[in-house]
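For reference, the structure is listed below as structure tokens.
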Amino acid sequence: MGIIFNEKSREFHLFNNNISYIIKILKNNQLGQLYFGRKIHQKENYDYLFEYAYRPMSAYMYEGEYEFSLEHIKQEYPSYGTTDFKYPAYEIIQNNGSRITNFEYIEHKIYGGKPKLKGLPATYTESDAEADTLEIKLYDKEIDVELVLNYTIFNNESAIARSCRFTNKGKESLELTNAMSMCLDLPDCNYEMIQLSGAWAREREVRHRKLEQGIQAINSTRGNSGHNHNPFIALKRPNADEFQGEALGFSLIYSGNFLAQIEVDTHDVSRVLMGINPFGFTWNLGENEEFQTPEAVIVYSDKGVNGVSQTYHKLYRTRLARGQWRDKVRPILINNWEATYFDFTEDILLEIARTAKDDGIELFVLDDGWFGARSGETSGLGDWYANTDRLPNGISGLSRKIEELGMKFGLWFELEMVNKDSELYRNHPDWIIKTPNRSSSHGRNQYVLDFSRNEVVDYIFEMVDKNLSESSISYIKWDMNRCITECYSAALPSYKQGEVFHRYILGVYDLYERLINKHPYILFESCASGGGRFDPGMLYYAPQCWTSDDSDAIERIKIQYGTSYVYPISSMGAHVSITPNHQLFRNASLETRGNVAYFGAFGYELDLTKLTKEEHEIIKKQVKFVKEYRELIQKGTFFRLQSPFESNISAWMVVSEDEKEAIVAYFKVLNDVNCPFRRMKLYGLNENLLYSVKEISSSSKESRNSDININSDKFNSYYGSELMNLGLITTDPSAGQVLDDGETCTDYWSKIYVIRAKEK
Ligand code: DGJ
């Protein structure tokens, strides 16, 4: 395991037990890409992989060369204009107007561990033995610029983290107009591309398309990663599925404008590019200044798309998320947003909290509306002090009373925003992002504070810090409810305006970092109108994120399923809400609402004081279930079993690391009649272990077998080999009357199965 450099062949081989990545220093001293995929044997020389040819009339040769054309060579970090016509990984505009560059290999370093990225979120190691890093230094002597390509291979994960750094060593300033985090030239295009796209309230729908000659891309131009596309793409072989076959993942650890693009060229080479969106981006690189790109993480799996996801889950849960909450089970929370919206008083909140406490809920979260003159969407944002008309005892008084109930207290902020009707705006009208002499568009009546300015970030830090110092706050929901328009900073000169989007995100990261450093015990949940900034960048600061403003359980099956392509279960805020649901007006049972929300950072978001006694009984059972199994759910290996995008039935499961315990969730959206007998193949169990299978029900009626001791012989027992080969019997009452226990199947039906290895 590690990174080997062969002096003679001038090749780098990065490998662990699962993957290999091979780079070659070409004869023009640029870098060629030879291979990324399943591990191959270490050899001194892979020259045979370096293919080039003279292609009549379709290749342009290096001066003095007859076979060497970059157009036909797979490269590591290509530029445009010197015989390669594909979209490049970077572009630098020089003082004479030229964009032609020539970065040549100078030296490299190989060492254990992984360096930090200044000001940016990134994966990390806890010891130098966990990963190896290769830094390749390249230099363009004409413009005196150094380029360092960083590669970290994790020893136990099929993943490589990549980023780049440009440093201007010369006297003249240059214009960086493109600086991708990674480029990968793959030798063929026999792939389907998977993207996670959608909109507000239907985020991260799984979409597939076949790669074709030309460009296929997703991006964000909105200032945040956005609801529309997630900074992730996967490539899978046409015959690969969730469980088998080759698949590659590309994920960008960044929360702003991004581009993920695949260009298939005329000879079927597929160039994958990922990084900050070059559209609208420029970065002025002055003397001795450097520009660090965000990090991209590429993953290889020969165990299908689940394999890609499981690698991301583990890496992002344990080596991207940080801090005290990374490994702790997450508190069960009650959030008042869908219960009261803006219409609350301290008494109403305390009544909800008391009821929640009674049901076993652990954390009370006060959402929007507690501050300044906030009585609706038009005022108050920016004034982060309590509205004493509603909360006469302030946040400190309310938080104390909540803690006296035996619960923790959490609070909502939307720190990047301001309403014009606020003290903050009246005092600092020039602090918003707006273009001089142009109209300023609003979103939800609010404006974006210019977080590219240190004094703005300092001011907001002071305000939040004051709240945190005066009150007992254990959790913060950090919301962000609009994108950036008329992007311009009053504090920057004209030639730096192309930097504002990125500087804004650096300001957001800076504020997070400062708050975390000063208040490390706080559990942060990020949010952007639901899942508008559900990206790996945020995960570095906030280990969980409000997955979507769509709280309907049936829609959430799809949203959580799609989100699981990259993000661990522990990161998905998932709440049980009221029926009829506020977004879909649907009436899923309380049991099904719980069964979906179990697979996330679990909570409730409804007025508990309005529920019946029976409903509280169900909630108490759900809370008990979560307390018993949340460790397994948050940390187990997650398998998607059946896609809600493809059928009326969907399922997923989590398995403990020791393979002794698993939970399966099975959903049937619409009921059917006289339906087939059904089985669902399970994964990740030990084929030789004998397991008991127990259906769990939180409904008031006990489900079949629920009182049977899980280790008793009378209980349904199956070997792992049975459950994984013939499957778990999931036949439901709509198949006939054999299961004559009075149970009926309805629309929005679901089941939870707890599977446990029997004690020998
Ligand atoms: C959007 C969030 O996604 C909701 O959960 C809620 O916090 C509202 N904002 C409050 O304005």
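Under our numbering, residues 21 to 780 are what the sequence shown spells out, in order. Cβ coordinates follow ideal geometry from the N, Cα and C atoms, glycine included. Remember, predicted model here, so these are calculated numbers, not experimental data.
- Counting the other CB atoms within 10 Å of its CB gives residue 644 a total below 16, which places it among the exposed residues.
- The three-state secondary structure of residue 744, taken from DSSP, is helix.
- Between residue 608 and residue 562, the C-beta spacing is not below 8 Å.
- Screening all residues for a C-beta within a distance smaller than 6 Å of any heavy atom in the ligand DGJ leaves 357, 387, 388, 432, 499, 501, 547, 549, 550, 566, 569, in chain order.
- A Cβ-Cβ separation of about 6 Å places residue 105 in contact with residue 91 under the 8 Å criterion.
- Of all alpha-carbon atoms in 748, 646, 631, the one lying nearest the alpha-carbon of residue 684 is that of 748.
- Between residue 623 and residue 639, the alpha-carbon positions lie close to 11 Å from each other.
- Distance from the CA atom of residue 121 to the CA atom of residue 49, rounded to whole angstroms, is 13 Å.
- Here the alpha carbon of residue 466 sits roughly 10 Å from the alpha carbon of residue 400.
- The C-beta of residue 235 has fewer than 16 other C-beta atoms within 10 Å across all chains shown, which makes the residue exposed.
- Comparing alpha carbon positions, the residue from 380, 33, 414 closest to residue 392 is 414.
- Its Cα nearest to that of residue 673, the residue 776 stands out among 597, 695, 776, 114.
- Here residue 686 has 671, 750, 771 as same chain residues with Cβ atoms under 6 Å from its own Cβ, once five neighbours each way along the sequence are excluded.
- Shown here, residue 26 sits in a strand according to DSSP, grouped into three states.
- In this structure, DSSP gives residue 321 an extended state, which the three-state scheme calls strand.
- For secondary structure counted as the beta strand (DSSP E) over 3 or more consecutive residues, the segment 171-201 holds these complete runs in sequence order: 179-188.
- In this structure, the CA atom of residue 460 is about 10 Å from the CA atom of residue 504.
- In this structure, residue 568 sits near residue 576, with a CB-CB distance shorter than 8 Å.
- Take residue 716, set aside five residues on each side of it, and the residues of its chain with a beta-carbon closer than 6 Å to its own are 772, 774, in chain order.
- DSSP assignment within the segment 198-273 yields no whole alpha helix (DSSP H) run of 4 residues or more.
- Cβ-Cβ separation between residue 752 and residue 372: approximately 35 Å, too far for a contact (criterion under 8 Å).
- Pairing residue 332 with residue 586, the inter-Cα distance amounts to about 6 Å.
- About 37 Å separates the beta carbons of residue 366 and residue 337, which is beyond the 8 Å limit, so they are not a contact pair.
- In the structure shown, residue 155 adopts extended strand secondary structure according to DSSP, grouped into three states.
- For residue 645, the enclosing alpha helix (DSSP H) starts and ends at 633-655.
- DSSP assignment within the segment 525-591 yields the following whole beta strand (DSSP E) runs of 3 residues or more, N-terminal first: 543-546, 564-566.
- Cβ-Cβ distances below 6 Å link residue 247 to 219, 220, 223, 552 in the same chain, with the five nearest sequence neighbours on each side left out; the list follows chain order.
- Judged by beta-carbon spacing, residue 183 lies beyond the 8 Å limit of residue 154, meaning their Cβ atoms are not closer than that value.
- Going by beta carbons, residue 492 and residue 423 fall inside the 8 Å limit.
- Short of 7 Å from the beta carbon of residue 192, and not among the five residues preceding or following it, lie these beta carbons of its own chain, in chain order: 115.
- Residue 209 sits away from residue 293, with the two beta carbons spaced by 8 Å or more.
- In terms of Cα proximity to residue 194, the closest of 479, 280, 306 is 306.
- Counting only the Cα atoms, residue 382 lies some 42 Å from residue 36.
- Looking at the backbone, the Cα of residue 547 and that of residue 580 are separated by about 15 Å.
- Fully contained in the segment 434-494 are the following alpha helix (DSSP H) runs of length 4 or more, in chain order: 443-447, 474-490.
- With three or more CB-CB distances shorter than 8 Å, the segment 264-275 counts as touching the segment 319-328.
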